[in-house]
Amino acid sequence: MSLLHFLGLAHRERGKSLRLIREQIRCADLILLNKTDQLTTEYINEVKNMLEKLNHHVKIIETVRCEIDMGLMFNSIHRESEHYDQNEQQYPSIEKTNEHFQHHTHNHVMTYTHRFNGVVNREKFEKLFSIIPAEVYRAKGVVKFEQDQEYYLFQFAYRENEIVK
Numbered sequence: 001m002s003l004l005h006f007l008g009l010a011h012r013e014r015g016k017s018l019r020l021i022r023e024q025i026r027c028a029d030l031i032l033l034n035k036t037d038q039l040t041t042e043y044i045n046e047v048k049n050m051l052e053k054l055n056h057h058v059k060i061i062e063t064v065r066c067e068i069d070m071g072l073m074f075n076s077i078h079r080e081s082e083h084y085d086q087n088e089q090q091y092p093s094i095e096k097t098n099e100h101f102q103h104h105t106h107n108h109v110m111t112y113t114h115r116f117n118g119v120v121n122r123e124k125f126e127k128l129f130s131i132i133p134a135e136v137y138r139a140k141g142v143v144k145f146e147q148d149q150e151y152y153l154f155q156f157a158y159r160e161n162e163i164v165k
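In this text, residue positions in the sequence shown follow full-length UniProt numbering: the first is 1, and each later residue adds one.
Next comes the structure, spelled out in structure tokens:
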């Protein structure tokens, strides 16, 4: 997350982009706070305080140009998931894996990954998002439609779906 971008959004106090980023922060396990070289310690601390108010469980790592030791990043996430598994039995970590899906549960968010076996009918795919349950806050991914055999990016948030070639 760019510090400057977040500060700009946070001070607006309204808008879909701000709502979306707040929801993403609430669901995050780890946030890379990027471009820390471009702001003073005072502003960096202001952003950290805002992030921690939205999600007091989140691990925040400051970066410049998104440079980070990947081991540090993945170890942070792994330790956090071990914490949920071992210490909060009312929120056990669930993982099911086969060639079609992966499912993870934590105490504040559940994710699901689906892999299609082939191309997808675009009309049916778009209809799916008109009937998707209200409990689904976000969906994103890549899909290949049968009509033109091209790959598309899709993103669903705030009950709106966007498909981009």
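In this text, a Cβ means the ideal position worked out from N, Cα and C, and glycines have one as well.
Per DSSP, which one or two residues make a beta bridge with residue i?
{"i": "R138", "result": "A157"}
{"i": "E162", "result": "Q155"}
{"i": "I61", "result": "L32"}
{"i": "F145", "result": "V120"}
{"i": "S2", "result": "N34"}
Can you give the Cα-Cα distance for residue i and residue j, rounded to whole angstroms?
{"i": "D148", "j": "R115", "result": "19 Å"}
{"i": "P133", "j": "R159", "result": "10 Å"}
{"i": "V142", "j": "E23", "result": "22 Å"}
{"i": "L130", "j": "E123", "result": "As written in the sequence, residue 130 is Ser, which differs from the Leu given in the question. Distance between the alpha carbons of S130 and E123: 11 Å."}
{"i": "H56", "j": "L153", "result": "31 Å"}
{"i": "D37", "j": "L128", "result": "43 Å"}
{"i": "V120", "j": "R138", "result": "20 Å"}
So, helix, strand or coil for residue i, using DSSP?
{"i": "E123", "result": "helix"}
{"i": "T113", "result": "strand"}
{"i": "E42", "result": "helix"}
{"i": "C27", "result": "helix"}
{"i": "H56", "result": "coil"}
{"i": "I68", "result": "coil"}
Who are the near neighbours of residue i in its chain, counting only those whose CB is closer than 7 Å to its CB and skipping five residues on each side?
{"i": "Y151", "result": "V142 and K144"}
Report all residues from its chain with a CB closer than 8 Å to the CB of residue i; omit the five preceding and five following residues, and keep chain order.
{"i": "A10", "result": "L18, V47 and M50"}
Apart from the five residues just before and just after residue i, which ones in its own chain have a Cβ nearer than 6 Å to its Cβ?
{"i": "E162", "result": "Q155"}
At a Cβ threshold of 8 Å, is residue i touching chain C?
{"i": "S17", "result": "Reference to chain C is not applicable here, since this structure consists of a single protein chain."}
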